[in-house]
Structures are given as structure tokens and as C-alpha cells.
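Report on one structure; see the data block that follows.
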Amino acid sequence: MAPRLLLAICVCVIFLPLGLAATSGLRPRSFWDELASGAAMLAFSIFLLEFALSGRFRPITGRVGMDVTMRVHQLIARTALVAALVHPFLYRAEWNPPYPWDVTRIETVTANIGALWSGMLAWVLLPPFVVLAIMRGRPNYTYEAWRFGHGAGALVICGLVLHHTLSAGRYASAPFLAGFWIVLSALALASFLWIYLAVPLLQLRRPWRVEKIRPVAERIWQVEITPDGHRGLDYEAGQFVWLNIGHSPFGHRENPFSISSAPRSGANLQFLIKELGDFTSSLGTIRPGTRAYVDGPHGTLTIGAREATGIALIAGGIGVAPLIGILRQLALADDPRPRILVYADRTPKQLAYRPELEVLARKANTEVVFVLSEPPPGWSGESGLIDRALLGRMFGRAEHHDWLFVLCGPPQMLASVEDALVGIGVPASRILSERFDYD
Ligand SMILES: Cc1cc2nc3c(=O)[nH]c(=O)nc-3n(C[C@H](O)[C@H](O)[C@H](O)COP(=O)(O)OP(=O)(O)OC[C@H]3O[C@@H](n4cnc5c(N)ncnc54)[C@H](O)[C@@H]3O)c2cc1C
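Be aware that the sequence shown starts at 739, since it is given in the working numbering, and climbs by one per residue.
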């Protein structure tokens, strides 16, 4: 799905209930009453749309990118929160039982507690729900526990809002608008069941096994898995998967990791993983033969059919993982285009696959540049950070403006490298990047 098409679908879904309400034939009320109902409808359609955005559907994640999808998810969630919280305070009509002569409820907002309780409960639950989402990753609960709670909590809140909408919403008295909310809620529930039930069931039919696991740099491991009774995965170099090692797929104990092997190298998948939290710090205890499951491939950090006269791969730390996959694929495909890998880290001990990269760099069209921010005495390579001066020296000539620049690393590094590249004349449309963190 093209990003613009996705955006158009999102905008349509969000604003469709307002359009349906406008054509319902009900006489409009005061500006403030209409604004109140409009804010509520906008918030509810966004909440339901969020299920599709976080459902890891490959037509979305494979074209728009996971980090863009998640940023949109976070941004519109905040908008929906504000709209939902202000909506009850915008009404100017009386909170009363309807007058007998006011059959289309122009003069009153329902005061029937049977119609209001669900909305009030959802209103109370929403702020802590969003605050917990913003504070995710804090040490007092695991990411997996948070993630399941987030999905289940969203489902409960949307169930409450659906009840409130159908029983209190003035416009939901029109059958086609009530039908719209029911269908959209059913699709949201289907997205939830897809991720928590259907994907694990599919994974059970395509298990993997850990083939090899070994340290390759300071606190960095190479994990290799092999398909167990199936052909493996169709993926493009640079994509990522959710990887679960040693747990039932229904436990959702899985983490996103970029594939650092090349599709041309065979059916096994390799990952380069840095120790960070509970799962990644336990890699040393995993034994070959352990069962693994994969959900993917996802992601848009791929060269694919993009036209480019050369490829610049710029990595910070463990961000090198997908870029190594791309470099390996270019080498195995005998791609004639020149490519340069710029790989920054703090010390030489943290550089992964240094010997393999040095061998690759001996090929005529490949250059590998290591950049250390804490170089040891006698280091003859680049030192400091990847900044505008370094990029200008390497990619400042006009011929480089037709190259493709593929970036992966910490968010601050990505932002400064993107600015520096644009500053030396690289068109923003020729820069691809992926963050390993959604915040
Ligand atoms: C698209 C993508 C590709 C990545 N590729 C690599 C890679 O190739 N090599 C590598 O070392 N790291 C990679 N990461 C980062 C890696 O996913 C985290 O370091 C890892 O999940 C930490 O897990 P943990 O259990 O050790 O730590 P935890 O303490 O459980 O998690 C630490 C942080 O990692 C993130 N995280 C954990 N689990 C998930 C999850 N299921 N979904 C999304 N984020 C999660 C959260 O921000 C969390 O706060 C990638 C991340 C993303 C989003």
C-alpha cells in the first residue's frame, strides 16, 4: 500500500462519521453542541483506527515503515485523547431527560445514567491508559506485560465507548451511523484477534530452531536460526522480524530485530543483537536447538527497485545490523554500484564483524569507514562523530546526490546525520532511515 493511499484511507475513516452525521437528516443544534458530538465521534473513530495501525499488517509496515506507523499511532492517539476529554464539557444544551416534544433531542443532552456510565468510565480510564503508554519501558513492568495490557485495555475502553455511543449518541440513532460504529468496532476486534490469536497459530505451523549463537563484539551476539520443516522467509535485505526464542507464540515474548543476513545467503536468518534488557541480556543462556518463532518480514529500510548510482550505508552502533544485511546482499548479487559503509561506535571492541567488513572492503566497489568516538592510542581511522565535515568530505561531490543514503542508529544520531546530509546538498528524498525505538 502506498503511503499516500494509507493516509487517504486514515483521513476518510476518521472523518467519515462526521460526514454521515451531516447527512443524517437530523436538524443541527448550537455550534457548541455540534462541536461536542463531533469531538466525540472523531475521538472514537481514531481509537478504532489505532487497532489497524498497531496490527502489524504487512501491507502497512512493509510500505510505510513500522516507525512511521507507530509515530502516527502515537500522534493521533494524543489528539483523540484531547477530543474525548473535552467533549462532555462542550455541550451547552441542558443535561435532562428528553422533553416529550423534543423527539430529535435538540434541546437536551441525555442525563440517563444507563447511557452515560460507560462513557464516564471510559473517560476516567483514558488518561492513565495514555500516560502508561507514554511511560512504557519504565523498569517496574516488562515490555511484554505492558504490551498485552495496552491491547486489552484499548479493547475494554473501546467496548465502553461503543456502548456509550450507541446508547447516548444523538447521531448514532441513525441506523447507518450505528452500523458504521458496529462494523468499525468489529474490524478493531478482528485486528486484535489477528495479532494475539491468528499470528501465533500461523507461527506454530512454521517453527524455527536456533542453529548458532556466539558473541561477536562487546555485549553483541550473533544469533542464527534455521527453518524447521519449511522453506523459510521471503524477505528483502534490511527488513526486520519479531523474534521469539524459547517461548510459546501465544506468550508474545518477542522482540523486533533486523535481519543481518542476506536473502541470497540461504534460508537461515542471522541477527546481530546488543544486550539491553531482560531478553537480550539472557542470550548467553540460549542453547542451539531451541525452538524459535518469527513474525515478519516488516520494514521499509530496503534498496529494492529504488534507482541509485551508488549506496551509502551509515550506521551508529547496533544500527549496523540491517546495513550489514544490505551490504552482504549487494556483494552476493555482484551489484556493480559503488557503496560505502560508514560505521560509528565508541571503541574498536564494539565493532561487530570487523574482519568480514575488512575483507568486503577489499572488493573494488566497496569502502568501509570505521568512526570511533573514543579511539584508542594509535588509531589511524576516523574519529569523533559522524558530522557534516566528515560527510562533506565523503559525499560532498555532485555525483553523490544521485546515491541512496540508508541510515540506521540512535534517534539523535539519525537526526543530526539527516540534517548534515541535507546541508551538503543530498535531496531528502534520497535518504532512508529506521529507528530502533518508537519514542
Ligand atoms: C524495527 C526495529 C529493529 C531492531 N533491530 C535490532 C537489531 O537488529 N539488533 C538489536 O540489538 N536491537 C534491535 N532493535 C532493538 C531491540 O528490539 C530491543 O533492544 C530489544 O527488544 C530489547 O529487548 P529486551 O527484552 O532485552 O529489553 P527490554 O527491557 O524488554 O526492552 C527495552 C526497550 O526495547 C524496546 N522493546 C522491547 N521489546 C519490544 C517489542 N516487542 N517491540 C518494540 N520495542 C520493544 C522498548 O523500547 C523497550 O523499552 C530493534 C528495534 C526495532 C523497533
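For glycine and all other residues, C-beta sits at the position ideal for the given N, C-alpha and C.
- Here Leu1159 is not near Ser1171, since their CB atoms are 7 Å or more apart.
- Put simply, of Phe995, Asp1072, Asp1016 the residue whose alpha carbon is nearest the alpha carbon of Gly1057 is Phe995.
- Trp946: member of the beta strand (DSSP E) spanning 946-955, first to last residue.
- Relative to Arg830, the option among Ala774, Ser783, Arg969 whose CA is nearest is Ala774.
- Note on geometry: alpha-carbon atoms of Arg885 and His990 lie some 9 Å from one another.
- The Cβ-Cβ distance between Gly970 and Ala1005 falls below 7 Å.
- With 16 or more other Cβ atoms from the protein chains shown falling within 10 Å of its own Cβ, Cys1146 counts as buried.
- Note on Thr1047: under 16 other CB atoms within 10 angstroms of its CB, so exposed under the neighbour-count rule.
- Residues of the same chain with a CB within less than 7 Å of the CB of Leu942, apart from the 5 flanking positions on each side, are Pro987 in chain order.
- Along the stretch 986-1072, the alpha helix (DSSP H) occurs as fully enclosed runs of 4 or more residues at 1058-1070, listed in sequence order.
- The Cβ atoms of Phe978 and His901 do not sit closer than 7 Å to each other.
- Here the distance from the Cβ of Thr1018 to the nearest heavy atom of ligand 1 is below 6 Å.
- Here the alpha carbons of Arg1131 and Asp1073 stand approximately 25 Å from one another.
- The Cβ atoms of Ala860 and Ala818 do not sit closer than 7 Å to each other.
- Between the beta-carbon of Gly984 and that of Thr1038 there is about 29 Å, and that puts the pair past the 8 Å contact cut.
- In summary, Thr1104 is buried, with 16 or more beta-carbon neighbours lying within 10 Å of its beta-carbon over all protein chains present.
- Excluding its 5 nearest sequence neighbours in each direction, Thr1018 has C-beta neighbours in its own chain below 7 Å: Ile1011, Lys1012, listed in chain order.
- In the three-state DSSP reduction, Gly793 falls in the coil class, being neither helix nor strand.
- Inclusion of His825 and Ala759 in the CB contact set at 7 Å is not warranted, their separation being larger than that value.
- Nearest to Gln1008 by C-alpha distance, out of Arg952, Gly1054, Gly1055, Asp1016, is Arg952.
- With a threshold of 6 Å, the Cβ atom of Ala1059 counts as near ligand 1, since some heavy atom of the ligand is closer than that.
- Distance check between Ala1059 and each of Val1109, Leu1070, Trp959 places Trp959 closest, using alpha-carbon atoms only.
- Of the heavy atoms belonging to ligand 1, at least one sits nearer than 6 Å to the Cβ of Pro994.
- Look at Gly1119: its beta carbon is at least 6 Å from all of the heavy atoms in ligand 1.
- Secondary structure note for Gln1088: it is in no beta strand (DSSP E), with a DSSP letter that is neither H nor E.
- One Cα belongs to Gly887, the other to Arg765, and the distance between them is close to 41 Å.
- The Cβ atoms of Tyr1031 and Asn982 sit closer than 7 Å to each other.
- Residue side-chain check: Leu1014 places its Cβ nearer than 6 Å to a non-hydrogen atom of ligand 1.
- Between Phe1143 and the set Lys1101, Leu1110, Leu1079, Thr1085, the nearest pair of CA atoms involves Leu1079.
- About 6 Å separates the CB atoms of Lys950 and Pro1026; that is less than 8 Å, so the two are in contact.
- By the C-beta density criterion, Asp966 is exposed, having fewer than 16 other C-beta atoms within 10 angstroms.
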